[in-house]
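Asks: What follows is a single structure, and I will ask about it in a moment.
Protein chains: 2
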Amino acid sequence: MTNENPTADFDPRNWIWGVDDSQPRLLHTMIRVNDFDASLRFYRDGLGMKVLMKFEVESRRVSAMFIGFGDFYTGGVIELTRQWDVTQPYTHGTHYGHVSVGVPDVEAMVAKLESMGVEIETRPTKLKPGAPLVAFVKDPDGCSVELIQTLRR
Amino acid sequence: MTNENPTADFDPRNWIWGVDDSQPRLLHTMIRVNDFDASLRFYRDGLGMKVLMKFEVESRRVSAMFIGFGDFYTGGVIELTRQWDVTQPYTHGTHYGHVSVGVPDVEAMVAKLESMGVEIETRPTKLKPGAPLVAFVKDPDGCSVELIQTLRR
Numbered sequence: 425m426t427n428e429n430p431t432a433d434f435d436p437r438n439w440i441w442g443v444d445d446s447q448p449r450l451l452h453t454m455i456r457v458n459d460f461d462a463s464l465r466f467y468r469d470g471l472g473m474k475v476l477m478k479f480e481v482e483s484r485r486v487s488a489m490f491i492g493f494g495d496f497y498t499g500g501v502i503e504l505t506r507q508w509d510v511t512q513p514y515t516h517g518t519h520y521g522h523v524s525v526g527v528p529d530v531e532a533m534v535a536k537l538e539s540m541g542v543e544i545e546t547r548p549t550k551l552k553p554g555a556p557l558v559a560f561v562k563d564p565d566g567c568s569v570e571l572i573q574t575l576r577r
Numbered sequence: 425m426t427n428e429n430p431t432a433d434f435d436p437r438n439w440i441w442g443v444d445d446s447q448p449r450l451l452h453t454m455i456r457v458n459d460f461d462a463s464l465r466f467y468r469d470g471l472g473m474k475v476l477m478k479f480e481v482e483s484r485r486v487s488a489m490f491i492g493f494g495d496f497y498t499g500g501v502i503e504l505t506r507q508w509d510v511t512q513p514y515t516h517g518t519h520y521g522h523v524s525v526g527v528p529d530v531e532a533m534v535a536k537l538e539s540m541g542v543e544i545e546t547r548p549t550k551l552k553p554g555a556p557l558v559a560f561v562k563d564p565d566g567c568s569v570e571l572i573q574t575l576r577r
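Spelled out as structure tokens, the structure:
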């Protein structure tokens, strides 16, 4: 990020993904949620993600929050969008599956989330012999989140 | 990844996300697609992603493909899943929004994708003065993909 003063032509505060990438990269996955507090309880207090940035676009009556385990430059980011005028639950199609989170201890994470009232969709299991434990949980909007063990214990 | 021989208890070939993470991280976003060839035309030939791994689970009658700009350890990965017995188009709910890809030149990428027959949902525009160009295109399954400029030109 540069220290240049913002102008109408270039305002570095709006280039949160950086200004000097010569190659494409994946930036984030966007999902719509009904209740930021509920989402933060799951993604931040439960999974351990951090809030990287929040903003509102009043003209579009929408708020957004970027959350991640790292920052805007490393690893993946999730964008949570809340539309001010939508109070009905969002619908789930069959196209989108899940976001997958690697955690050092799937059983411990599932136990923690369950103690917080999170719905456990699939309890820790191995899809193949010798494979890492995998589980599926539901975020507050009913969206599957996969947990894959990434520390050999 | 270790060089250990696989056992029923630990088979390093199945720990594609690594074995030594002490902190959680985002691994991938999974979407279901009808036609791998069409998906590869868009994500590989169009956006420039690489195929990291393909596999089939015959017992579940499903094939999967991990694609990304980097590898399993850096940046984000998309998992494309094809269910052998699903020939109808997948449905799109309102919960899932999009995957976002940073590209050095949004206008050039949109022109390239359009020449390949990709549907352009929103032509390159700036959401704010001084912000990077942003566009939305549709993948072969009708799913929005956001393009954000990540090189100041």
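Sequence order for the protein chains is A and B.
Residue numbering for the first sequence follows this note's numbering, beginning at 425 and increasing consecutively.
Residue numbering for the second sequence follows this note's numbering, beginning at 425 and increasing consecutively.
A virtual CB, placed ideally from N, CA and C, is assigned to each residue, including glycine.
1. Hey, A:Met489 and A:Val475 are a contact pair by Cβ (cut 8 Å); roughly how many whole angstroms apart?
2. When the Cα atoms are used, what is the spatial distance from A:Val547 to B:Glu538?
3. Whose C-alpha, out of A:Asp565, A:Arg577, A:Thr574, is nearest the C-alpha of A:Asp459?
4. Answer yes or no: do A:Val569 and A:Val525 have a C-beta to C-beta separation smaller than 8 Å?
5. Which class does A:Tyr497 belong to by DSSP, given the choice of helix, strand or coil?
6. What's the C-alpha gap between A:Gln573 and A:Tyr514?
7. What distance in whole Å lies between the Cβ atoms of B:Leu551 and B:Glu531, which are believed to be in contact at a cut-off of 8 Å?
8. Bridge partners of B:Tyr552, per DSSP?
9. Do we get a CB-CB distance below 8 Å when we pair A:Asp459 with the residues of chain B?
10. Go ahead and label A:Pro430 buried or exposed: buried means 16 or more other beta carbons lie within 10 angstroms of its beta carbon, across all protein chains shown.
11. For A:Lys474, list the residues DSSP reports as bridge partners.
12. Looking at chain B, is there any beta carbon in it that lies within less than 8 Å of the beta carbon of A:Ser370?
13. Looking at B:Val523: is its Cβ nearer than 8 Å to the Cβ of B:Thr505?
14. In whole angstroms, give me the CA-to-CA distance for B:Ile491 and B:His452.
15. Please confirm whether A:Thr546 has its beta-carbon closer than 8 Å to some beta-carbon of chain B.
16. Just how far apart, CA to CA, sit A:Gly554 and A:Lys536?
17. Beta-carbon separation of B:Pro448 and A:Gly472 under 8 Å?
18. Excluding the five sequence neighbours on either side, which residues of its own chain have a C-beta within less than 6 Å of the C-beta of A:Val501, listed in chain order?
19. Taking only the alpha-carbon atoms, compute the straight-line gap between B:Met477 and A:Thr549 and give it to the nearest angstrom.
20. Pop quiz: B:Arg576 and A:Phe434 are said to be a contact at Cβ under 8 Å. What is the actual Cβ separation, rounded to whole angstroms?
21. Tell me, please, which residues DSSP counts as bridged to B:Phe560.
22. Using a Cβ-Cβ cutoff of less than 7 Å, which residues in the same chain neighbour B:Glu545 once the five nearest sequence positions on both sides are dropped?
23. Which residue's Cα is closest to the Cα of B:Asp445: B:Val510, B:Asp509, B:Tyr497, B:Thr511?
24. Can you have a look at A:Arg437 and say buried or exposed, based on whether 16 or more other CB atoms are within 10 angstroms of its CB?
25. Is the shortest distance between the beta-carbon of A:Phe434 and the beta-carbons of chain B less than 8 Å?
26. Going by DSSP in three states, B:Met533 sits in which element: helix, strand or coil?
27. Hey, does B:Trp439 have any beta-carbon neighbour from chain A nearer than 8 Å?
28. For B:Arg576, decide whether its Cβ has a neighbour in chain A, counting only Cβ atoms nearer than 8 Å.
29. If you reduce the DSSP assignment to three classes, tell me which class A:Arg456 lands in.
30. DSSP three-state label for B:Ser524, please.
Replies: According to the structure data:
1. 6 Å
2. The identity of residue 547 of chain A in the sequence shown is Arg, whereas the question assumes Val. Near 44 Å, if we compare the C-alpha coordinates of B:Glu538 and A:Arg547.
3. A:Asp565
4. yes
5. coil
6. 29 Å
7. Incorrect: roughly 16 Å between the Cβ atoms, too far for contact.
8. Going by the sequence as given, residue 552 of chain B is Lys instead of Tyr. Per DSSP, none; premise fails for B:Lys552.
9. no
10. exposed
11. A:Gly492
12. Residue 370 of chain A lies beyond the range of chain A shown here (425 to 577); nothing can be said about it.
13. no
14. 9 Å
15. no
16. 25 Å
17. yes
18. His452, Phe490, Gly492
19. 22 Å
20. 7 Å
21. B:Thr546, B:Glu570
22. Phe560, Val561, Lys562, Ser568
23. B:Tyr497
24. exposed
25. yes
26. helix
27. yes
28. yes
29. strand
30. strand
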